[in-house]
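Quick note: to get our numbering, add 1415 to the position in the sequence shown (first position is 1). The beta-carbon is built from N, C-alpha and C at its ideal position, and this holds for glycine as well.
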Amino acid sequence: MGKLRKVSSNPHVRSSVTTSNIMIWVLIALLPATGYGIYNFGIYTMFVIGVSVAACVVSELVYEILLRKRVTIGDFTAVVTGLLLALNMPPEVPLWVPALGGVFAIIMVKQLFGGLGQNFMNPALGARCFLMISFPAIMTNFTTDTYSGATPLFNLKNGIQVNIMDMLIGRTGGTIGETSTIAIIAGAIILIAVGVIDYAIPFSYIVSFVVFVGLFGKYGFNWGYISAQLAGGGLMLGAFFMATDYVTCPITPKGRYIYGIILGLLTGLFRTFGANAEGVSYAIIIGNLLVPLIEKVTIPKAFGIRKKAKKGGE
């Protein structure tokens, strides 16, 4: 009797992959975009990133201690949320803005809905949209010592010519982490290579966006214009790092493609017909809200279930 087997509830399959392992890989994959953002915009961006990450971690720690819940800061999800939020900030934003955004992301979007695995939208994007609505002048001010004037995406929307090579490399204005497409793709390759994400959502997102912009945009399937649209704004950062969030994206194979297509269409709709030149954050949040419905209609049917016989022997 001294060697009784341990009995526990399902699932019984164990894996060496943990939430902290996955989050560490995400942090590693974000290093190229983060590093280039600091190089491109200066040392002050390090303070923006540090404040954002600290606000998220401290908010989660304090909330869980006060409510006597298990402390989960060791899974690094709060760190990833803080970093993603910072990468979506203007380079010279006042430090109280990422602090407020970090608290909102963790408390309002994540913890009040049950913590990790229960939030209905991406916390970083939820906080960014909150800040965009509350402080639009601050969140759309991308003027720095290096860059002044409108972002390339804004110029593109207004018919002003842009330099695509500068957009690919990142020699443009914008948020801290969105400017260098090359750095973002380098990080995305890491995530795909180690199996943290697959290509379904980013691929369907990008393809559906290209089709929409080609059909309804000002210049049709002009590949220079489409390339600039792909390289501009937060589309690549959103497609690979936020749309693929495990908690807020569908788990069904078909649902992931449908989800990506919806994101692409919404982003194309906002950018083509909306007043704002961006639209990625709002598209992903709306997509997050549709995930339960997407999973409901795409869940695989059980195999081997016999239909009930009709009454009367029919």
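Start and end residues, alpha helix (DSSP H) containing residue i
i	result
residue 1459	1459 to 1481
residue 1627	1615 to 1631
residue 1512	1511 to 1518
residue 1598	1596 to 1608
residue 1715	That residue, residue 1715, is in no alpha helix (DSSP H); it is neither H nor E in DSSP.
residue 1537	Segment: none, residue 1537 is in no alpha helix (DSSP H) and carries neither H nor E.
residue 1453	1434 to 1456
residue 1496	1492 to 1502
residue 1580	1579 to 1584
residue 1641	1638 to 1646
Coarse secondary structure for residue i, derived from DSSP in three states
i	result
residue 1486	coil
residue 1701	helix
residue 1693	coil
residue 1416	A caution first: residue 1416 carries a pLDDT of 48, below 50, which makes its placement in the model unreliable, though a value can still be read off. Looking at residue 1416 - three-state DSSP - the assignment turns out to be coil, as it is neither helix nor strand.
residue 1683	helix
residue 1507	coil
residue 1551	helix
residue 1655	helix
residue 1563	coil
residue 1524	helix
residue 1664	coil
residue 1531	coil
residue 1673	helix
residue 1557	coil
residue 1573	coil
residue 1611	coil
At least three beta-carbon pairs within less than 8 Å, the stretch 1603 to 1610 to the stretch 1541 to 1552: no
Contact the stretch 1610 to 1623 vs the stretch 1453 to 1466: 3+ CB pairs below 8 Å: no
Contact the stretch 1479 to 1486 vs the stretch 1431 to 1451: 3+ CB pairs below 8 Å: no
Stretch pair the stretch 1567 to 1582 + the stretch 1684 to 1693: three plus CB contacts closer than 8 Å: yes
Segment contact flag, the stretch 1484 to 1493 with the stretch 1627 to 1643, C-beta cutoff 8 Å, min 3 pairs: no
Inter-stretch contact at 8 Å, needing at least 3 Cβ pairs: the stretch 1672 to 1681 / the stretch 1502 to 1522: no
Given 8 Å, three or more beta-carbon pairs between the stretch 1524 to 1536 and the stretch 1701 to 1716: yes
Contact the stretch 1494 to 1510 vs the stretch 1555 to 1563: 3+ CB pairs below 8 Å: yes
Inter-stretch contact at 8 Å, needing at least 3 Cβ pairs: the stretch 1646 to 1662 / the stretch 1619 to 1627: yes
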